[in-house]
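Below is one structure; the comments refer to it alone.
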Amino acid sequence: MTDIPAKAAAPSASSGSLLLTLMKLRTFIALIAVLVFFSVAVPNFFSAANLILMAKHVALNAFLAMGMTFVIVTGGIDLSVGSIVGLCGMVAGYLVLNGIDLQIGYTVYFNVVEIALVTLLVGILIGAVNGLLITRLNVAPFIATLGTLYVARGLALLSSDGRTFPNLVGKPELGTTGFGYLGAGRLLGLPVSIWILVVVALGAAYLARYTPLGRHIFAVGGNERAARISGVRVNMVKMFVYMFSGFCAAIVGLIISSELMASHPATGESFELNAIAAAVLGGTSMSGGRGTIGGTIVGAFVIGILSDGLVMMGVSSFWQMVIKGLVIIVAVVVDQTQRRLQSRVTLMQMAKAG
Amino acid sequence: MSASTGHDVILELEDISKVYAGTVAVKHANFEVRKGAVNVLVGENGAGKSTLMKIIAGVERPTAGRILLDGNEVSFSSSGDAVSRGIGMVFQELNLFGNLSVAENIFATRELTNAFHKIDHKGQERRAAEFLEQLEAGIRPDMLVEDLRIGQQQLVEIAKAVSLDARILIMDEPTSALSAAEVEILFKVIADLKTRGVAIVYISHRLEELIRIGDYITVLRDGRITGQEEMRNVDTQWIVRQMIGSDAKDFAKDDGHQPGDEVFRAEEICLPRVTGGLAVDHVSLSVRAGEILGIYGLMGAGRSELFDCIMGRHSQASGRIFIDGKQVRERDTARRIQRGLALIPEDRQREGLVSILSVASNLTLASLSRFVSLFHIRGGAERQAVAQMVRELAIKVADPAQEVSSLSGGNQQKVVIGKALLTGPKVLLMDEPSRGIDVGAKADVFRTMRKLSRDGLGILFATSDLDEVMALSDRIAVMSNGKLTGMFDRAETTGAAIVAASALGHGPVHGEQR
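Same order as they appear, the protein sequences are chains A and B.
Just so you know, the numbering used here puts 156 at position 156 of the first sequence, and the rest follows in order with no gaps.
To convert, take the position in the second sequence, counting from 1, and add 1000; that gives the numbering used here.
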């Protein structure tokens, strides 16, 4: 019904729109660029084994980055995810090894499914604490989640006195075996963690696109006042995004502990920064209102493949950091340029329309 | 134009026009500013007064025309440029830094410094104290501006302008937040400036004020100057006549339908002001189905605040509201919308739209639940509703997936109205629905209001445009200083009566609340 005016406006800005399209696809182009570069520079880069290994690495960051994307889209930030990863890993490890002592001579042991559920609940709860601090007590998201970053990390260290929970095989007589499945198991030839990523990512993308909650997340980030006047329950939306971020972090905690069959309290340090980087690289705007799950996943792949590829090339880890930083900066610069170009094209179209 | 002059012309605008994207704000204006006199500029909202003043103050540059200062043509590239030539301005919107002290504000950008470029705070505060003393405001120069009442902040703004030692001083609604006592002091300061030969350009809505202190008056209507006289030759009727004019705007005609039963009632709505006193002061009113109730009042009269209270945006507000005779006990905006209230806010950009979302997403933002089964948004149903609204309101948009910020102001306003209508409201609150949109869009908005009232909605609309309130309302409520100061039947009232009621409540008895 609206094809004609759109077509009429297109030729006037065709040179601009080609550049614009390229810029919009920048994350994809970056992904293809790193893939092509490493396939030439690193032998065996495209072997199935290597790709699956890299995908498992990327998945961890991708989970966190998805949660982070929703948070950033509402205009917030969640610095606590790395610590939640650590704490949730410790919770899972503790439950496998020790169960819960009821103080009356009985100790309850959970099976692996129950352990996973309890751990996810812990992640969601910490997210809820973040949300309450931000919505009810009006603490700035940066500060609130900085606080829970320290608290959660401290609790993780306290839970074992700083030691590692080793050897989480569990005991058959207690029904606590099988914890390794998440990290090492395979389904139809792919690691279980990849399948979980696919499910969560599809769910999150669906949520963002086809549900009122998703629409409200973007509205809150775009203009909180207007959203509130339109009857959006802003506080509920914010609670949700922090709880979802905690949920994603808990999944990562479970997967890492399961892969290593051990829980270390320092797991996940500085993961939050990688998650932010992936989200930003994928086109999420730090000022809120803009971002996609798909973009974030691609962003996570760019960062993950870049660092794995550089390791395989034998580039020093110090140089890796420099390169990663430059990639992020370039991504944001391109993003800003695209915005400017976009608004100029829009203005031109408006002028044309009269 | 009057020929007799007791005062020399210091500044002259010749055939000035100013065009913004889409609208012409000032058309071929000729305006003289005289030395040692108060040059009054009056006109309705949107008549172009502020634009004209911003041109003189160097904030805006004219699209066409000449500015003559002391007979020589000048052009200002910035407000700093104008200041350096002795033109100062008190802006309508306060331009103060709340986090800095009064003295720091007065000397902002021209700080007094010692030999080492260190700010001489003592000196600034001493000088600031002198200016403040003139204004008898009881403001200490070391106080933070954000700790002051709005009226006091306005005095600081005035002190800042006076401290410029300007030859021409523009005051854009300087008394809008002042108490009666403070207004008297301001007038004394103005008289003093006059004797020192300063040319004052004074903008205000309050006619009695203008007549008292003005020497020359210029009336603007729709960007054109419609009258220029010496004040002693004119009276209130003359001013109103020039302001309103005889040519009617394109208001949709009343179709003569009869309003139904009462659909909305507000009782004893009160909202305390942060700085003390009441922003909304025991307001009670009611609207019938199919009725348009105009709420007229000047800036700061409490109209927007009343709407905010009704929508449940202030937890400190008190009072009761009823829809269809049943009390609304829900206190949050979301559930009040479900009960059938909808607000079209005054500030489209800040409160009406999520500018980075599409036209479609903005339209359905408040009514998404209508298109949801379980938790899935039915795209087809949503698109259908959007298409229907675009058609009904004649929103000019190529593709509803376009970002809403790419639309013109009038079409953006239609999107805000459409968003409210999609919630299926019984009562529509419209705050300045025609502000900042072009003539064609205004006519569309007015037509829509008529149609909605015919469909049985109760409409409350707030405006400071006398024409509008007279042409569209069935009844007119007038607010002043937070109070309801008049309730008129449109058929039985005059513009003068309404303007008079809008100036009530500013008397010394009610004025000062500390």
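Every residue, glycine too, gets a C-beta built ideally from N, C-alpha and C.
Other residues of its chain near residue 102(A): CB distance less than 8 Å, five sequence neighbours each side excluded:
Result list for residue 102(A): 108, in chain order.
In the DSSP assignment, what residue or residues form a beta bridge with residue 1267(B)?
Looking at the DSSP output, residue 1267(B) sits in a beta bridge with 1320(B).
For a cutoff of 8 Å on Cβ pairs, would you count residue 1337(B) as touching chain A?
Yes - at least one Cβ of chain A is within 8 Å of the one on residue 1337(B).
Compute the Euclidean distance between the alpha carbons of residue 110(A) and residue 1370(B), then round it to the nearest angstrom.
Straight-line Cα distance between these residues: approximately 43 Å.
Coarse secondary structure for residue 339(A), derived from DSSP in three states
In the structure shown, residue 339(A) sits in a helix (DSSP, three-state: H, G or I).
Nearest CA to the CA of residue 116(A): which residue from 186(A), 130(A), 35(A), 249(A)?
Of 186(A), 130(A), 35(A), 249(A), the residue nearest in Cα terms is 249(A).
So residue 1190(B) packs on residue 1213(B), CB below 8 Å; how close in whole Å?
The pair is a contact, with the Cβ atoms about 6 Å apart (cut-off 8 Å).
Pick helix, strand or coil for residue 98(A), following the three-state DSSP scheme.
Note: residue 98(A) maps to helix in three-state DSSP.
So with CB distances below 8 Å, who are the chain B contacts of residue 229(A)?
Ordered by position in chain B, the residues that pass the 8 Å Cβ test against residue 229(A) are 1311, 1313, 1333, 1343, 1345, 1351, 1352.
7 Å Cβ shell around residue 1512(B) - same chain, five flanking residues per side excluded
With a pLDDT of 38 at residue 1512(B), under the threshold of 50, the modelled position of that residue is not reliable, and the figure given next carries that caveat. Around residue 1512(B): 1179, 1181.
Chain B partners of residue 218(A), CB-CB under 9 Å?
Neighbours of residue 218(A) across chain B, judged by C-beta separation under 9 Å: 1354, 1356, 1357, 1361.
At what residue ranges does the stretch 239–301 of chain A contain a whole run of the alpha helix (DSSP H), taking only runs of 4 or more?
Listed in chain order, they are 271–281.
Any chance the stretch 199–214 of chain A sits against the stretch 53–60 of chain A, with 3 or more Cβ pairs inside 8 Å?
Short answer: they don't touch.
DSSP-derived helix/strand/coil call for residue 1141(B):
It is coil, neither helix nor strand.
Can you tell me the Cα-Cα spacing of residue 209(A) and residue 1339(B), whole angstroms?
Computed Cα separation, rounded: 28 Å.
So, at 6 Å on beta carbons, what are the nonlocal neighbours of residue 1303(B) in its own chain, with the 5 sequence-adjacent residues on each side left out?
So the list reads 1295, 1297, 1462, 1479, once near-sequence residues are dropped.
How about the stretch 258–269 of chain A and the stretch 178–188 of chain A: do they share at least three Cβ pairs that are nearer than 8 Å?
Output reads yes: the stretch 178–188 of chain A touches the stretch 258–269 of chain A.
What's the gap between the Cα of residue 1327(B) and the Cα of residue 287(A)?
It is roughly 40 Å from the alpha-carbon of residue 1327(B) to the alpha-carbon of residue 287(A).
Using a Cβ-Cβ cutoff of 7 Å, what residues of the stretch 1362–1395 of chain B are near chain A? List them in chain order.
Result list: 1365, 1366, 1368, 1369, 1372, 1375, 1376, 1377.
Residue of 1455(B), 1217(B), 1347(B), 1274(B) minimising C-alpha distance to residue 1316(B)
For residue 1316(B), the nearest C-alpha among the options comes from 1274(B).
Strictly below 7 Å CB to CB, what residues from chain A border residue 1419(B)?
The answer, in chain order, is 230.
Under 8 Å by Cβ, that's how I've got residue 1124(B) and residue 1111(B) pegged, so tell me the actual separation to the nearest angstrom.
Confirmed, about 7 Å.
Okay, do the stretch 1073–1091 of chain B and the stretch 1160–1167 of chain B touch, 3+ Cβ pairs below 8 Å being the bar?
Remark: three or more beta-carbon pairs, one from each stretch, lie closer than 8 Å, so the stretch 1073–1091 of chain B and the stretch 1160–1167 of chain B are flagged as touching.
Please name the residues in the stretch 158–190 of chain A whose beta-carbon is closer than 9 Å to at least one beta-carbon of chain B, in chain order.
Look at the stretch 158–190 of chain A: it has no residue with a C-beta under 9 Å from a C-beta of chain B.
By DSSP's criteria, residue 1221(B) is part of a beta bridge. Which residues make up the other side?
Answer is 1224(B), bridged to residue 1221(B).
State the start and end residues of the unbroken beta strand (DSSP E) segment that holds residue 1202(B).
Membership of residue 1202(B) in the beta strand (DSSP E) is indicated by the continuous run 1199–1203.
I'd like to know if the stretch 1410–1422 of chain B and the stretch 1356–1367 of chain B are in contact, where contact means that at least 3 CB-CB pairs between them fall below 8 Å.
A contact between stretches requires three or more CB pairs, one per stretch, nearer than 8 Å, and the stretch 1410–1422 of chain B meets this requirement with the stretch 1356–1367 of chain B.
Short CB-CB distance (under 8 Å) between residue 27(A) and chain B:
By this cut-off, residue 27(A) is not an interface position.
Where do the N-terminal and C-terminal ends of the beta strand (DSSP E) with residue 1483(B) fall, by residue?
Element bounds for residue 1483(B): 1483–1489.
According to DSSP, what are the bridge partners of residue 1327(B)?
Here residue 1327(B) is bridged, per DSSP, to 1322(B).
For the stretch 263–289 of chain A, which residues have a beta carbon sitting closer than 7 Å to at least one beta carbon of chain B?
Listed by position, the residues of the stretch 263–289 of chain A near chain B (Cβ gap below 7 Å) are 289.
Alpha carbon to alpha carbon, how far is residue 50(A) from residue 340(A)?
So the two alpha carbons sit approximately 40 Å from each other.
Where residue 312(A) and residue 297(A) are concerned, what is the direct C-alpha to C-alpha distance, given to the nearest angstrom?
Spanning the two alpha carbons is a distance of roughly 22 Å.
Residue nearest to residue 131(A) in terms of C-alpha spacing, selected from 96(A), 100(A), 147(A):
The shortest Cα separation from residue 131(A) among 96(A), 100(A), 147(A) belongs to 147(A).
Does DSSP put residue 1112(B) in a helix, in a strand, or in coil?
Coil, per DSSP.
Would residue 360(A) be called buried (16 or more neighbouring beta carbons within 10 Å of its own) or exposed?
Outside the displayed range of chain A (1 to 354) lies residue 360(A), so it cannot be described from this structure.
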